[in-house]
């Protein structure tokens with residue numbers, strides 16, 4: 002009870018929202034607590050159950066809200082053995098852990114020691130892995146997976162490659178429009194810029210065409226909308242009250258445009274030019290796209306220094322935009338500047354990534370809620386300001402059955418995807434793992450695949 006209250010009042014701000022929804026707490030037994038909530042929210046029992054349990058005596062007489070490097074005493078299977086800020090952290094298995102003999106922990110927590118090393122960039126991590134300094138490596142680049150794993154340890158069998166399937170949502174990754182900017186306020190402009198993004202050509206160049214495009218925010222899962230198909234049943238019932246304000250495609254069906262794969266992308270460029278003209282942007286004699294005031298259509302695409310793959314994508318995109326008379330520029334800045342600017346929504350377009358789960362809930366308001374339009378530091382970088390979005394989230398949280406929950410999430414997926422807030426790129430329905438041959442994992446793969454709870458939790462060591 003103390004942990005829940007302390008985290009809710011003095012801990013990370015993300016704990017505060019759930020704390021405010023607790024009406025009462027009472028101890029009902031030696032090992033049981035009853036929480037009574039003041040709102041109808043199907044996710045709250047899970048959220049409160051996931052709160053870490055801290056030792057009250059450790060924090061007596063200390064300012065809990067003050068930043069500190071003091072290691073909290075927790076209740077998990079490992080204790081902190083050593084750490085060096087920005088270099089490494091090492092955990093040691095606790096032989097006296099209270100939960101080691103519980104049935105649901107059987108087969109988990111099999112390593113005596115787990116060490117995490119920190120590196121400045123992904124290439125440094127890969128080189129350390131090749132040199133035998135690391136036991137596992139997750140490869141995000143499919144082209145690199147196919148071409149760069151021929152080093153001696155792979156050839157000898159000391160390193161094993163595996164593709165771990167999963168059924169978790171694709172989430173959304175791509176280039177986010179800041180719709181707070183007047184030039185991106187019109188959905189037709191955003192659709193035009195999506196049309197100009199030649200995904201098929203870029204995917205072929207960077208990934209040999211092997212990665213599918215993200216079809217929607219909850220793609221690759223049972224929570225996803227059906228691209229291009231109209232809403233039916235409960236989905237339609239939820240969306241109908243907002244029909245007048247929803248962007249085209251939300252109800253009748255929306256799917257991302259597809260190019261012919263050629264670099265010119267002529268058909269989609271023509272469609273984009275038409276949408277831009279309809280929204281008040283025309284190309285003058287000088288070849289520059291301008292509005293009625295004579296203002297040129299120009300914007301900046303913001304990236305972090307070191308995002309080389311995304312920078313390559315942006316350069317191709319910038320060239321495509323020139324055919325529409327649009328002047329786009331790439332600006333790469335350091336992490337500190339990037340955080341400052343994105344927290345203040347001081348950007349036109351930027352790379353955006355948001356992972357989503359099969360149990361979406363209150364966090365959706367942090368991602369897409371209208372409060373984030375003006376409140377700095379939220380995750381609503383795009384400036385989504387949609388009563389329909391908030392209504393779908395509310396329906397999801399209050400869903401009386403699983404069918405209602407799925408319908409509400411699919412409806413939310415429709416509104417977000419048809420809102421054209423992000424130019425989606427690719428995702429993978431497998432995780433690509435390279436690892437020491439001495440490491441093993443279960444034959445039965447969980448629905449989430451290589452995700453939280455898989456590596457290192459269920460893996461073990463076997464000497465050859």
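Numbering (our numbering), first residue to last: 2 to 465.
Ideal Cβ placement from N, Cα and C applies to all residues, glycine included.
Keep in mind that this is a model prediction, so the values were computed, not measured.
- Note on geometry: alpha-carbon atoms of residue 223 and residue 331 lie some 37 Å from one another.
- Pairing residue 26 with residue 36 gives a Cβ-Cβ distance under 7 Å.
- With distances taken between CA atoms, residue 261 lies nearest to 196 out of 312, 300, 279, 196.
- For residue 145, the enclosing alpha helix (DSSP H) begins and ends at 143 to 148.
- Judged by DSSP in its simplified three-state form, residue 72 adopts coil rather than helix or strand.
- Take the alpha-carbon of residue 72 and the one of residue 409: they are about 41 Å apart.
- In the structure shown, residue 87 falls within a coil segment according to DSSP collapsed to helix, strand and coil.
- Residue state for residue 106 is assigned as helix, using DSSP reduced to three classes.
- Per DSSP, the beta-bridge partners of residue 23 are 38.
- For residue 314, same chain residues with a beta-carbon under 6 Å away, outside a window of 5 residues either side, are 203 in chain order.
- Here the alpha carbons of residue 118 and residue 460 stand approximately 19 Å from one another.
- Spatial neighbours of residue 397 in its own chain (CB-CB distance under 8 Å, excluding positions within 5 residues in sequence) are listed in chain order as 361, 362, 365, 406, 409, 410, 413.
- With a beta-carbon spacing of about 7 Å, residue 399 and residue 43 fall inside the 8 Å limit used to define contacts.
- DSSP places residue 393 inside the alpha helix (DSSP H), whose first and last residues are 388 to 398.
- Minimum Cα-Cα distance from residue 369 among the listed residues 177, 265, 428 corresponds to 177.
- Taking C-beta separations shorter than 8 Å and ignoring five residues to either side along the sequence, the partners of residue 70 in its chain run 86, following chain order.
- In this structure, the CA atom of residue 59 is about 8 Å from the CA atom of residue 74.
- In this structure, residue 419 and residue 250 form a Cβ contact; the two beta carbons are roughly 4 Å apart against a cut-off of 8 Å.
- With respect to residue 389, residue 416 sits close: the two C-beta atoms are nearer than 7 Å.
- As the crow flies, the alpha-carbon of residue 324 is around 24 Å from that of residue 427.
- Of the residues assessed, residue 431 falls on the exposed side of the cut-off, its CB having fewer than 16 other CB atoms within 10 angstroms.
- By the CB criterion at 7 Å, residue 303 and residue 351 fall inside the cutoff.
- From the listed residues 40, 349, 146, 3, the smallest Cα separation to residue 18 is found for 40.
- Inter-segment contact for the segment 446 to 458 and the segment 164 to 181 is present: three or more beta-carbon pairs are separated by less than 8 Å.
- For residue 199, there is no enclosing alpha helix (DSSP H), as DSSP marks it with neither H nor E.
- Collapsing the DSSP output to three states places residue 368 in a helix.
- Rounded to the nearest whole angstrom, the C-alpha separation of residue 140 and residue 207 is 14 Å.
- Cβ-Cβ distances below 8 Å link residue 30 to nothing in the same chain once the five nearest sequence neighbours on each side are left out.
- With respect to the C-alpha of residue 267, the residue from 404, 120, 198, 435 having the closest C-alpha is 198.
- Residue burial is scored here from C-beta neighbours: residue 269 has at least 16 other C-beta atoms within 10 angstroms and is therefore classed as buried.
- If one requires a minimum length of 4 residues, the alpha helix (DSSP H) runs lying completely within the segment 123 to 178 are 123 to 131, 143 to 148, 153 to 156, in chain order.
- Within the same chain, 122 come within 7 Å of residue 307 by CB-CB distance, once the 5 residues on both sides are set aside.
- According to the DSSP assignment, residue 423 belongs to no alpha helix (DSSP H) but to the beta strand (DSSP E) extending over 423 to 425.
- Around residue 463, the same chain offers 439, 441 as residues with beta carbons nearer than 7 Å, after the five sequence neighbours per side are excluded.
- Within the same chain, Cβ atoms closer than 7 Å to the Cβ of residue 393 are found at 239, 409, 412, 413, 416, the five residues on either side in sequence being excluded.
- Per DSSP, residue 118 is one residue of the beta strand (DSSP E) stretching across 114 to 118.
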